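Chain order of the listed sequences is A and B. The UniProt record's numbering puts the first residue of the first sequence at 1, with every later residue one more than the last. The UniProt record's numbering puts the first residue of the second sequence at 1, with every later residue one more than the last. Backbone N, C-alpha and C fix where the C-beta goes; we use that ideal spot for every residue, glycine too. Values in this document were obtained by computation on a predicted structure and should not be read as measured data.
There are 2 protein chains.
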Amino acid sequence: MARQAKYEELRMALLAEMAGSPPHTPLPTEREISARHGVSRNTVRQALDALEAAGAVYRVQGAGTFVAPAVVSKSLALTSFSEDMRDRDLEPASRLLAAGTVRAGRQVAGLLEIDPEAEVVRVSRLRLADGAPMCLETVHLPAQRVPGLAQEDLSGSLYELLSVRHGLEIGSAEQIVRAVDLAETESALLGVPVGSSGLRVQRVGLDRRESPVEATTTLYRADRYDIRFTVRRAARS
Amino acid sequence: MARQAKYEELRMALLAEMAGSPPHTPLPTEREISARHGVSRNTVRQALDALEAAGAVYRVQGAGTFVAPAVVSKSLALTSFSEDMRDRDLEPASRLLAAGTVRAGRQVAGLLEIDPEAEVVRVSRLRLADGAPMCLETVHLPAQRVPGLAQEDLSGSLYELLSVRHGLEIGSAEQIVRAVDLAETESALLGVPVGSSGLRVQRVGLDRRESPVEATTTLYRADRYDIRFTVRRAARS
DNA sequence: CAGTGGTCTAGACCACCCA
DNA sequence: GGGTGGTCTAGACCACTGT
Numbered sequence: 001m002a003r004q005a006k007y008e009e010l011r012m013a014l015l016a017e018m019a020g021s022p023p024h025t026p027l028p029t030e031r032e033i034s035a036r037h038g039v040s041r042n043t044v045r046q047a048l049d050a051l052e053a054a055g056a057v058y059r060v061q062g063a064g065t066f067v068a069p070a071v072v073s074k075s076l077a078l079t080s081f082s083e084d085m086r087d088r089d090l091e092p093a094s095r096l097l098a099a100g101t102v103r104a105g106r107q108v109a110g111l112l113e114i115d116p117e118a119e120v121v122r123v124s125r126l127r128l129a130d131g132a133p134m135c136l137e138t139v140h141l142p143a144q145r146v147p148g149l150a151q152e153d154l155s156g157s158l159y160e161l162l163s164v165r166h167g168l169e170i171g172s173a174e175q176i177v178r179a180v181d182l183a184e185t186e187s188a189l190l191g192v193p194v195g196s197s198g199l200r201v202q203r204v205g206l207d208r209r210e211s212p213v214e215a216t217t218t219l220y221r222a223d224r225y226d227i228r229f230t231v232r233r234a235a236r237s
Numbered sequence: 001m002a003r004q005a006k007y008e009e010l011r012m013a014l015l016a017e018m019a020g021s022p023p024h025t026p027l028p029t030e031r032e033i034s035a036r037h038g039v040s041r042n043t044v045r046q047a048l049d050a051l052e053a054a055g056a057v058y059r060v061q062g063a064g065t066f067v068a069p070a071v072v073s074k075s076l077a078l079t080s081f082s083e084d085m086r087d088r089d090l091e092p093a094s095r096l097l098a099a100g101t102v103r104a105g106r107q108v109a110g111l112l113e114i115d116p117e118a119e120v121v122r123v124s125r126l127r128l129a130d131g132a133p134m135c136l137e138t139v140h141l142p143a144q145r146v147p148g149l150a151q152e153d154l155s156g157s158l159y160e161l162l163s164v165r166h167g168l169e170i171g172s173a174e175q176i177v178r179a180v181d182l183a184e185t186e187s188a189l190l191g192v193p194v195g196s197s198g199l200r201v202q203r204v205g206l207d208r209r210e211s212p213v214e215a216t217t218t219l220y221r222a223d224r225y226d227i228r229f230t231v232r233r234a235a236r237s
């Protein structure tokens, strides 16, 4: 087990101290935190960098560091469906629709950067939140990298299964979001009227070497699901 | 004008050196860059942090830093419509539908954290890309903070106008994305069939003190627009 | 102009990857 | 085991804020 970095401990300590403070309350100065916790100022800054990135604090040069107002939208992070639903106080569940091995085909092969003739495991699931349909999810993985996956228990977190059983760690993902008109079979499965719109999220999961290992298409019900995130001004290029 | 930080210069120098290198090409080690450019290793790390955040490189502990594969999806940043369209190689344009001052009302007042009886400037525009409708945009701003805005030239970048004329700098924004069924008037303006779906982006722009200064609802055509971004695994909480 | 966050230095040790 | 990125220290000066 990796030992906790000092700035991680400090980050959580600061988060605990901040709890209950109204927005815009100033934090102690970086030099004060540094002295009080017996760490260097750089370490304090690492902790504050993390808190700032998470939207917990904001900094104004020359003025100080302050508790950020409660945000509507959490900062966007790579989460599994289960984590996502729990964040929304919904109980996740899953119904397996199909699982098997097929040839990749041109589109999936392009996303995964493999041969179109290569085999991929395809898993389709209907995912539920508090017992009602939330989205339709179809995952593609190179069969070579996940031997026997189609026969395993696919009712829970796929990411956990990939990590624990196959040593595949997905560190980042590229996503494309579109609005679509649902097809008849799709609206039937999701339990919404024909002609409803849905949110389609196409995701390519990458390992820590930025090589694609997973291609997933998810179709969300428009009436139950939205995507929330915070964006910041980019650095001058 | 703020002088360029060393790590910013270094970042651009590295970007230039990397240009043309195939993906996964290793960069020089941090110590080597440090020696070669005559800066401390911490400064090198600052430059690499920025490149990593922008998706230009990835790092593997114990192995090295590498050129990242070309990404489908740019990292998400706060951009104006004009910038967004130019990134997509489309020519942005605008048609003013309405501009005026009205009372905030409960919903807008809640988003902007002002009194519901306070006045806000409301600007509605149809935004075009390469001459064809792309989205419908309605902006709300506290009238007090943007005196005379409704009478100014609203055909170009609103963000620039706010910055130059009113000293309002929007540093970050919270966004909520949903799929919706377009209303009749909306589809007519956007030039799509009745019953088409659209992508609705609700945005609240914040100044650098995280106070809301702008509330905007944008309705995009589903057939011409998507949202692309990269997400990463969050730090352990 | 005093105090804040932003940048920078020159060291050091640790955790991890790979030959 | 040699070399990499990850963390950490104890300083220093700069740019900016607010009074």
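- The beta-bridge partner set that DSSP reports for Phe81(A) is empty.
- For the C-beta of Val102(B), not a single chain A residue is nearer than 9 angstroms; the gap to the nearest is close to 23 angstroms.
- Residue contact check for Arg228(B) against chain A: a CB pair falls below 9 angstroms.
- Interface criterion met: the Cβ of Gly171(B) is under 9 angstroms from a Cβ in chain A.
- For Leu112(A), not one C-beta of chain B is nearer than 9 angstroms to its own C-beta.
- Listed by position along chain B, the residues whose Cβ is nearer than 9 angstroms to that of Gln175(A) are Ser73, Ile227, Arg228, Phe229, Thr230 and Val231.
- Contiguous alpha helix (DSSP H) elements confined to the stretch 117-159 of chain B do not occur, taking only those with 4 or more residues.
- Taking C-alpha positions only, Ala47(A) is separated from Ala19(A) by approximately 16 angstroms.
- For Pro23(A), the CB contacts under 6 angstroms within the same chain, skipping 5 residues up- and downstream, are Val67 and Pro69 in chain order.
- Considering only beta carbons, the part of the stretch 55-87 of chain B lying closer than 7 angstroms to chain A consists of Tyr58, Val60, Ala68, Pro69, Val71, Val72, Ser73, Leu76, Ala77 and Leu78, in chain order.
- Beta-bridge partners of Ala173(B) (DSSP): Val231(A) and Gly205(B).
- The stretch 130-145 of chain A makes contact with the stretch 82-93 of chain A; the number of CB pairs closer than 8 angstroms reaches 3 or more.
- As a beta-bridge residue in DSSP terms, Ala98(A) pairs with Ser124(A).
- Within the same chain, Glu169 come within 7 angstroms of Ser163(A) by CB-CB distance, once the 5 residues on both sides are set aside.
- Contact annotation: Arg125(A) and Leu136(A) have beta-carbon atoms nearer than 9 angstroms.
- In this structure Pro116(B) is exposed. Its beta-carbon is surrounded by fewer than 16 other beta-carbon atoms within 10 angstroms.
- At a cut-off of 9 angstroms, the C-beta of Glu214(B) has no neighbouring C-beta in chain A.
- At a cut-off of 9 angstroms between beta-carbon atoms, Arg208(B) makes contact with chain A.
- For Thr29(A), there is no enclosing beta strand (DSSP E), since its DSSP letter is neither H nor E.
- Cβ-Cβ distances below 8 angstroms link Arg103(A) to Pro116, Glu117, Ala118, Glu119 and Val120 in the same chain, with the five nearest sequence neighbours on each side left out; the list follows chain order.
- For Val44(B), the secondary structure class from DSSP, reduced to helix, strand or coil, is helix.
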